[in-house]
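Trainee: Supplied in structure tokens, the structure appears directly below.
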Amino acid sequence: MIKLGILGSTNGTDLQAIFEAEKTKKLNAKGKCFISNKENSYILKRAKNHGVPAVFINHKNKKRKDFDSEIRLI
Numbered sequence: 012m013i014k015l016g017i018l019g020s021t022n023g024t025d026l027q028a029i030f031e032a033e034k035t036k037k038l039n040a041k042g043k044c045f046i047s048n049k050e051n052s053y054i055l056k057r058a059k060n061h062g063v064p065a066v067f068i069n070h071k072n073k074k075r076k077d078f079d080s081e082i083r084l085i
């Protein structure tokens, strides 16, 4: 089984499709961590509602390299 880490910043519409595919065994993968650069994005709430860790990482005032490094630590 493939473990997925997903980045998103809005509603997580595709995330819902992933959860549905997991549930029906159409996807040999499992969402393990969800990261957003928007603190109040629905993707974080959607992930938490499914019992999956969801993390906000602020990207403002950071160099892209530093932001990417912070994501890799998760």
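All letters in the sequence shown, in the order written, are residues 12 to 85 by our numbering. Each residue gets a CB set at the ideal place from its N, CA and C atoms; glycine is no exception. Keep in mind it's a predicted model, so treat the numbers as computed, not measured.
How far does the beta strand (DSSP E) with Lys-14 in it reach, from first residue to last?
Mentor: 13-18
Trainee: Find the nearest neighbour of Asn-60 within the set Leu-18, Leu-26 and Ile-13, judged by alpha-carbon distance.
Mentor: Leu-26
Trainee: In the DSSP assignment, what are the bridge partners of Val-66?
Mentor: Note: Val-66 sits in a beta bridge opposite Ile-46.
Trainee: Within 10 angstroms of its Cβ, does Leu-55 collect 16 or more other Cβ (buried), or is it exposed?
Mentor: buried
Trainee: Quick check: the region 32-44 against the region 67-75, are there 3 or more CB pairs under 8 Å?
Mentor: no
Trainee: Measuring only the C-alpha atoms, how far is Asn-39 from Asp-79?
Mentor: 27 Å
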